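J.: Residue numbers are given in full-length UniProt numbering: position 778 of the first sequence equals residue 778, and the series is strictly consecutive.
C-beta: ideal position from N, C-alpha, C; glycine also.
Nothing here was measured: the structure is a model prediction, and the numbers come from that model.
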Amino acid sequence: MSTEYRYDPEEIEPRWQKVWADERTWEVSNDVEGRDKSYVLVMLPYPSGEPHIGHLKVYSVGDAVAHFHRRTGRHVLNPMGYDAFGLPAENNAIKTGEHPRDSTKKSIESFRRQFKRWGISIDWSRELATCEPDYYRWTQWIFLQFYNAGLAYRKAATVNWDPVEETVLANEQVVDGRGERSGALVEVRHLEQWFFRITDYADRLVDGLDEIEWPEHVKTMQRNWIGRSEGAEVTFRCEDLGVDYPVFTTRPDTLFGATFFVLAPEHPDIEKLAAGTGHEDEVRDYVNRALTTDKEDRGNADRTKTGVPLGRTVTNPVNGEQIPMFVADYVLMEYGTGAVMAVPGHDQRDYDFAKTFDLPVKRVVEGVPDEGGDEDGLPYTGPGVLVNSHPDFDGLDKTAALEAIVRWLDREGKGNSSTNYRLRDWLLSRQRYWGCPIPIIHCEACGTVPVPEDQLPVILPDVEDYKPKGRSPLAAATDWVNVPCPSCGKPAKRETDTMDTFVDSSWYFLRYTDASNDEAAWDPEILKRWAPVDQYIGGVEHAILHLLYARFFVKALADLGHVDVQEPFAKLFTQGMVTKDGAKMSKSRGNVVSPQDIVAARGADTARTYILFIAPPDQDADWADEGVDGVYRFLSRLWRLSAAAADGPGAGADQPDVESLSPADLELLRKAHWAIEKVTNDMAGRFNFNTAISAVMELTNDVSRAVNERGDAEPQAVRFALATAASLLFPFAPHVAADAYSKLTGDRVWEQPWPAADSELLERDTVEVVFQVNGKVRDRASVPATASKNELEALAMASPKVQAHLEGKTVAKVIVVPGKLVNIAVRG
RNA sequence: GCCCGGAUGGUGGAACGGUAUACACGGCGGCCUCAAAAGCCGCUGCCUUUACGGGCUUGUGGGUUCGAAUCCCACUCCGGGUACCA
1 MSTEYRYDPE EIEPRWQKVW ADERTWEVSN DVEGRDKSYV LVMLPYPSGE
51 PHIGHLKVYS VGDAVAHFHR RTGRHVLNPM GYDAFGLPAE NNAIKTGEHP
101 RDSTKKSIES FRRQFKRWGI SIDWSRELAT CEPDYYRWTQ WIFLQFYNAG
151 LAYRKAATVN WDPVEETVLA NEQVVDGRGE RSGALVEVRH LEQWFFRITD
201 YADRLVDGLD EIEWPEHVKT MQRNWIGRSE GAEVTFRCED LGVDYPVFTT
251 RPDTLFGATF FVLAPEHPDI EKLAAGTGHE DEVRDYVNRA LTTDKEDRGN
301 ADRTKTGVPL GRTVTNPVNG EQIPMFVADY VLMEYGTGAV MAVPGHDQRD
351 YDFAKTFDLP VKRVVEGVPD EGGDEDGLPY TGPGVLVNSH PDFDGLDKTA
401 ALEAIVRWLD REGKGNSSTN YRLRDWLLSR QRYWGCPIPI IHCEACGTVP
451 VPEDQLPVIL PDVEDYKPKG RSPLAAATDW VNVPCPSCGK PAKRETDTMD
501 TFVDSSWYFL RYTDASNDEA AWDPEILKRW APVDQYIGGV EHAILHLLYA
551 RFFVKALADL GHVDVQEPFA KLFTQGMVTK DGAKMSKSRG NVVSPQDIVA
601 ARGADTARTY ILFIAPPDQD ADWADEGVDG VYRFLSRLWR LSAAAADGPG
651 AGADQPDVES LSPADLELLR KAHWAIEKVT NDMAGRFNFN TAISAVMELT
701 NDVSRAVNER GDAEPQAVRF ALATAASLLF PFAPHVAADA YSKLTGDRVW
751 EQPWPAADSE LLERDTVEVV FQVNGKVRDR ASVPATASKN ELEALAMASP
801 KVQAHLEGKT VAKVIVVPGK LVNIAVRG
């Protein structure tokens, strides 16, 4: 082939980007009326430095979906924004003195430049940054709606304090007792903080998962995080003090097996209970030790159980037995009532404690041997029937017994069925600078007073010193802090904490629908046209935090009448990591691949196509520089063939008349239709972009062979095959595809409908069938597709290669799958 | 510990229970060239055989089936999530 055609992405890519920018091709109106809408959203980036390879991957995935949806006739919203408040920018400010606003602005510019350089089809008219007053004004407005509805509240609470970041953290941001970002051991502090009442939505957050198409493991993570447990609350009475101690249990069926009772060290009654028992000193020592133990240590279930007796007893409500009380750190104050009934016969933890302290272990459930029950292993948690309990319940299956016992407790006023959650309310206040101000004023006379809505936004003031000192740096901005109370006019002070940045990102997908509205956060009528997000795409690391918070926001806003859907994201796709040499990319490892470098060297189309080609997008993918060259070669070849064909004979890219084609050209046509079918199925199903790209490669290779090797290919068939390849490739490599398509046809590929496979051309007259003996392939033959079972069997039997393997054996059975195979089962 | 994933050539990865290893990388050979690059044309799972051919092969061991990478059981290793949540 002539070398005069040289694929030059440096020329092609800017040229098409200019067309899309000048014509605002990807901007979309809110006039959805009567059209099939598709809201395709990739999680917004946190702008820091330059985009990394993970961004390239996730936006390549999102763009492929957006393009496919557009070309299949949908009205597509594909916006972009920046999660622009947050600690890294602020920490940078502490180090360098550069205002976070300035460093963030620079990062946003470089992200925007890259996304444009990559040719991602974004509607830039809806761009937003969460740190802009015209965005966070509405974050504050939502806060006020929640405040007025009692969903945002302030209370003194035991909270997680990160001593490095010098701020409190939400439960979700504490991992193994350490701050998620800083890695510092979290300290317990008692502080006044702001919370969102997400626990009110625990049930709906669990139940709503059934309505959305999300990966099962993400749903499971959310269910586990919310941690709904069904059980009962049962009251145990301490007669000495005349105090009732309710406990939560998921196993009321084992109540008769309770042999002791344990309180958490933080329980407020500990001192009162120990007083006058002679155990006071021991108890006080133990509690002090427990409270100063690391959360991490205390959470270790393998540690030998510790605890001390309180010298008191409580009454087991079902049998009146007096059982001893203990304080032990394996019981947590945060969960249930901070007290448990201990059933060592049927709970591992209680069993461990009982063994350590030599307490009685009583079996009250017995496995049924026929049903895989055990004989003597305690603690026993399997299925079974009640024993050693009460004549009314003994012999009942444990599930039936559970219900019967709860009914009995309820009648006697000693308990009731109850549900408990692991989920805690969302602590949203942070003692940091670079965040959304909380629109509240503290007045000595009026208490907490919301800033009137017409005074929003509460603008984040400039400060001299960003360094946290255990209180928000905003407290130093005295001009800003001191304001008259909106209610009584007397001197008052602004709230100086800022919001967790997860608040900002819990509603941004709503704002995109009506991003420039300065009268409201959004017009409910417009939101209604777009919501919910049809396809959300992002990293699995947000499985709990962001995805749970956003779901809560939408449900709460729906209850307040601002949104009319219950779930923000109908479908979720989580993409895998990009690794290098099998390891996560990191500066310290020195294995970071920069998308800027690869785009500069090979072009955006190559970078995007390669990252989707190496592996299915939901899997982790290992980056290999050599692999990039293969994709570059493929794009070069497709472009060169197209450029040459465009200059050659023939016109346009209409499909040539099938009747007039040689068998070889007909095969090429079939291949094109096969590729249409394959790519369409791969796109519409589970995003099998890697095999879709392979199919286009196969088609291109066939064209290449037709042109180079065979040499006599009908030009119109070649044109059609190449235009089809370009059309199918467009979602992945838009510039080269648009260029090749335009050269061949003069048309803009993105304005063309997605190609449709001709089913008649997919059908074949002759097919290859295989002949097997005992499942092993022995011969193959080309036969008419319509060959009957009998004909196939006869052909197989006649094959000498098959005959050789039948020698001296008896044919037991012949299986014929028309159009596929004949399998002869033999014996002897 | 518990709950999810995963394991296929030298490498990344393909395969509605029906031709295992598509596509790509890497490797080998050839054409073109003064030469190189680019491009083009082949070959490339393993063992055995001069060859024709034959045998083996989807982490391990069993099972179901005419037929298993695919379904079932047990196990090994790797990755992720989660963990005194009563």
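I want to know whether the region 373-393 touches the region 341-349 - three or more CB-CB distances under 8 Å.
T.: Yes: at least three Cβ pairs fall under 8 Å.
J.: Grouping DSSP H, G and I as helix and E and B as strand, with all else coil, what is Asp207?
T.: Locating residue 207 in the first sequence gives position 207, where the first residue counts as 1. Looking at Asp207 - three-state DSSP - the assignment turns out to be helix.
J.: For residue 829, which of Val451, Trp480, Gly150 has the nearest alpha-carbon?
T.: Here the chain comprises residues numbered 1 to 828, so residue 829 is not present and cannot be evaluated.
J.: Find the nearest neighbour of Tyr39 within the set Val65, Arg551, Val340, judged by alpha-carbon distance.
T.: For the purposes of this step, residue 39 is taken as the residue at position 39 of the first sequence. Selected option, being the one with the closest Cα: Val65.
J.: Go to Arg670, then tell me how far its alpha helix (DSSP H) extends in each direction, as first and last residue.
T.: Stepping through the first sequence from its first residue, residue 670 is reached at position 670. 663-684 is the span of the alpha helix (DSSP H), which, as asked, contains Arg670.
J.: Could you tell me which of Gly227, Leu191, Gln17, Trp623 sits nearest to Tyr610, measuring between CA atoms?
T.: The count along the first sequence starts at 1 and reaches residue 610 at position 610. Among Gly227, Leu191, Gln17, Trp623, the Cα nearest to that of Tyr610 is on Trp623.
J.: Can you list, in chain order, the stretches of the beta strand (DSSP E) that have 3 or more residues and sit fully within the region 540-584?
T.: Taking only runs of at least 3 residues, the beta strand (DSSP E) segments lying wholly in the region 540-584 are 572-575, 578-580.
J.: What does Ile323 pair with, by DSSP beta-bridge criteria?
T.: Working through the first sequence from its first residue, we reach residue 323 at position 323. DSSP output for Ile323 lists Val314 as bridge partner(s).
J.: Taking Arg778 as part of the beta strand (DSSP E), name the residues at either end of that continuous run.
T.: The residue given as residue 778 occupies position 778 in the first sequence. First-last of the beta strand (DSSP E) with Arg778: 776-784.
J.: On the three-pair Cβ rule with 8 Å, is the region 394-402 touching the region 86-100?
T.: Contact between the region 394-402 and the region 86-100 is absent, because fewer than three Cβ pairs lie under 8 Å.
J.: Would you call the region 315-322 and the region 274-283 touching, i.e. three or more CB-CB distances under 8 Å?
T.: The region 315-322 is not in contact with the region 274-283.
J.: Answer with buried or exposed for Ile459, where buried requires no fewer than 16 other C-beta atoms within 10 angstroms of its C-beta.
T.: To locate residue 459, count along the first sequence from 1; it is residue 459. Exposed: under 16 other Cβ atoms inside 10 Å.
J.: List the endpoints of the continuous beta strand (DSSP E) containing Lys116.
T.: For the purposes of this step, residue 116 is taken as residue 116 along the first sequence, with counting starting at 1. Counting along the chain, Lys116 falls outside any beta strand (DSSP E), though it belongs to the alpha helix (DSSP H) covering 100-117.
J.: Can you name, in chain order, every residue of its own chain whose Cβ lies under 6 Å from the Cβ of Ala556, other than the five neighbours on each side?
T.: Numbered from its first residue, the first sequence carries residue 556 at position 556. Hits under 6 Å: Leu151.
J.: Are there 16 or more other CB atoms within 10 angstroms of the CB of His69, so buried, or fewer, so exposed?
T.: Position 69 of the first sequence holds residue 69. Looking at its Cβ environment, which holds 16 or more other Cβ atoms inside 10 Å, His69 is buried.
J.: Pick from Ser229, Arg237, Ala342, Leu241: whose alpha carbon is nearest that of Val262?
T.: Within the first sequence, numbered from 1, the residue matching residue 262 stands at position 262. Answer by Cα proximity: Ala342.
J.: What does DSSP give as the partner residues of Pro473 in its beta bridges?
T.: Taking the first residue of the first sequence as 1, we reach residue 473 at position 473. Partner(s): none; Pro473 has no beta bridge.
J.: What did DSSP end up calling Asn160 once you bin it into helix, strand or coil?
T.: Here residue 160 corresponds to residue number 160 of the first sequence, with the count starting at 1. Three-state result, Asn160: strand.
J.: From Leu255 to Met43, what distance separates their C-alpha atoms?
T.: Counted from its first residue, the first sequence places residue 255 at position 255. Counted from its first residue, the first sequence places residue 43 at position 43. Approximately 48 Å, taken between the alpha carbons.
J.: By the three-class DSSP mapping on this structure, what secondary structure does Lys18 have?
T.: Translated into positions along the first sequence, residue 18 becomes position 18. Helix.
J.: At the level of alpha carbons, what is the spacing between Val164 and Ser472?
T.: By one-based count along the first sequence, residue 164 stands at place 164. By one-based count along the first sequence, residue 472 stands at place 472. Whole-angstrom Cα-Cα distance: 14 Å.
J.: Looking at the unbroken beta strand (DSSP E) that takes in residue 863, where does it start and where does it end?
T.: The shown model of the chain, from 1 to 828, leaves out residue 863, and the question about it has no answer.
J.: For Met333, which of helix, strand or coil comes out of DSSP?
T.: Counting from one through the first sequence, the residue named residue 333 turns up at place 333. Correct three-state label for Met333: coil.
J.: Please classify Lys659 as buried or exposed, where buried requires at least 16 neighbouring CB atoms within 10 angstroms.
T.: Position 659 of the first sequence holds residue 659. At residue 659 the sequence reads Glu, which differs from the Lys that was named. Under this definition Glu659 is an exposed residue.
J.: Residue range of the beta strand (DSSP E) that Asp240 falls in?
T.: The sequence position of residue 240 within the first sequence is 240, counting from 1. Run containing Asp240: none; DSSP gives neither H nor E here.
J.: Just how far apart, CA to CA, sit Val449 and Lys155?
T.: Here residue 449 is taken as the residue at index 449 of the first sequence, counted from 1. Here residue 155 is taken as the residue at index 155 of the first sequence, counted from 1. Their Cα atoms are separated by approximately 15 Å.
J.: Taking Arg686 as the reference, give the member of Ala615, Asp747, Gly648 with the closest Cα.
T.: Within the first sequence, residue 686 is the residue found at index 686, counting from 1. When only C-alpha atoms are compared, the closest one is Ala615.
J.: Quick check on the DSSP output: what are the complete alpha helix (DSSP H) runs of length 4 or more inside the region 388-466, in order along the chain?
T.: Listed in chain order, the complete alpha helix (DSSP H) runs (minimum 4 residues) inside the region 388-466 are 398-412.
J.: So which of Phe146, Met221, Ile12 has the shortest CA-CA distance to His542?
T.: Translated into positions along the first sequence, residue 542 becomes position 542. His542 has its Cα closest to that of Met221, out of Phe146, Met221, Ile12.
J.: Verify whether the separation of the beta carbon atoms of Ala492 and His442 is less than 8 Å.
T.: Translated into the one-based positions of the first sequence, residue 492 becomes position 492. Translated into the one-based positions of the first sequence, residue 442 becomes position 442. Closer than 8 Å, so yes.
J.: Can you tell me where the alpha helix (DSSP H) with Ser636 in it begins and where it stops?
T.: Locating residue 636 in the first sequence gives position 636, counting from the first residue. Its alpha helix (DSSP H) spans residues 625-647.
J.: So, with DSSP's three-state summary, where would you put Phe68?
T.: Taking the first sequence and counting its residues from 1, one reaches residue 68 at position 68. Reduced to three states, the DSSP call for Phe68 is helix.
J.: Out of Pro246, Val773, Trp16, state which residue places its alpha-carbon closest to the alpha-carbon of Val814.
T.: Locating residue 814 in the first sequence gives position 814, counting from the first residue. Val814 has its Cα closest to that of Val773, out of Pro246, Val773, Trp16.
J.: Does DSSP classify Asp605 as helix, strand or coil?
T.: What you label residue 605 is simply residue 605 of the first sequence in a count that begins at 1. DSSP places Asp605 in helix when its eight states are reduced to three.
J.: If the criterion is Cβ atoms closer than 8 Å, does the pair Thr498 and Gly435 meet it?
T.: Residue mapping note: residue 498 aligns to position 498 of the first sequence, counting from 1. Residue mapping note: residue 435 aligns to position 435 of the first sequence, counting from 1. Yes, they are a contact pair.
J.: Apart from the five residues just before and just after Thr3, which ones in its own chain have a Cβ nearer than 6 Å to its Cβ?
T.: The count along the first sequence starts at 1 and reaches residue 3 at position 3. Confidence at Thr3 is low in this model, with a pLDDT of 44, below 50, so its placement is unreliable and no value can be given for it.
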